[in-house]
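Novice:
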Amino acid sequence: MATQQVDLLDRLPTELKCAIVRHASNLDDRKALSLANKSWADIVGPVMWETLNTTLLVGQRHVRGLARPQSNILKHVRYLHIKTRVAPNCSNDHLPMLLAALPSG
């Protein structure tokens, strides 16, 4: 039965799939949709990462992961909300690294 439901959802046009993803505002629901299959993951990614909220103080590893060329996250970011800024001379300031990794265009 569950397989039939997934098959029916896969037959929906892309526009309706996008509407479903945008309607599912809960992060866990979006994660579940992205795990259904590759076509859903391709639709969920841009919506899930359209707005990136960060303090840039989560940890070096976290920011470095975002800045990696292989990251599939930054290419979808349209809005970057930095919640807390630190002094520019602080060693935990990862803003320059993140800005350098943002795709141009």
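Number 91 in full-length UniProt numbering belongs to position 91 of the sequence shown; there are no gaps in the numbering.
Ideal placement from N, C-alpha and C gives every residue a C-beta, glycine not left out.
Fair warning: this is a prediction, and the values are worked out from it, not measured in the lab.
#1: Write down the C-beta distance between I73 and W49 rounded to the nearest angstrom, noting that I regard them as a contact closer than 8 angstroms.
#2: Buried or exposed, going by whether 16 or more other CB atoms sit within 10 Å of the CB of R30?
#3: Going straight from the alpha carbon of S34 to that of Y79, what length do you get?
#4: Can you tell me whether L8 is buried or exposed, with buried defined as 16 or more other CB within 10 angstroms of its CB?
#5: Would you mind giving the Cβ-Cβ distance between P46 and H76, rounded to the nearest angstrom? I have them listed as a contact below 8 angstroms.
#6: Do you know whose CA, among K38, H81, C18, R11, lies nearest Q55's CA?
#7: Straight-line CA distance for A101 to L52?
#8: So which of D42, D28, L66 has the shortest CA-CA distance to L99?
Specialist: Once the coordinates are examined:
#1: 5 angstroms
#2: buried
#3: 21 angstroms
#4: exposed
#5: 4 angstroms
#6: In the sequence under discussion, the amino acid at residue 55 is Thr, which differs from the Gln named in the question. Among K38, H81, C18, R11, the Cα nearest to that of T55 belongs to H81.
#7: 14 angstroms
#8: L66
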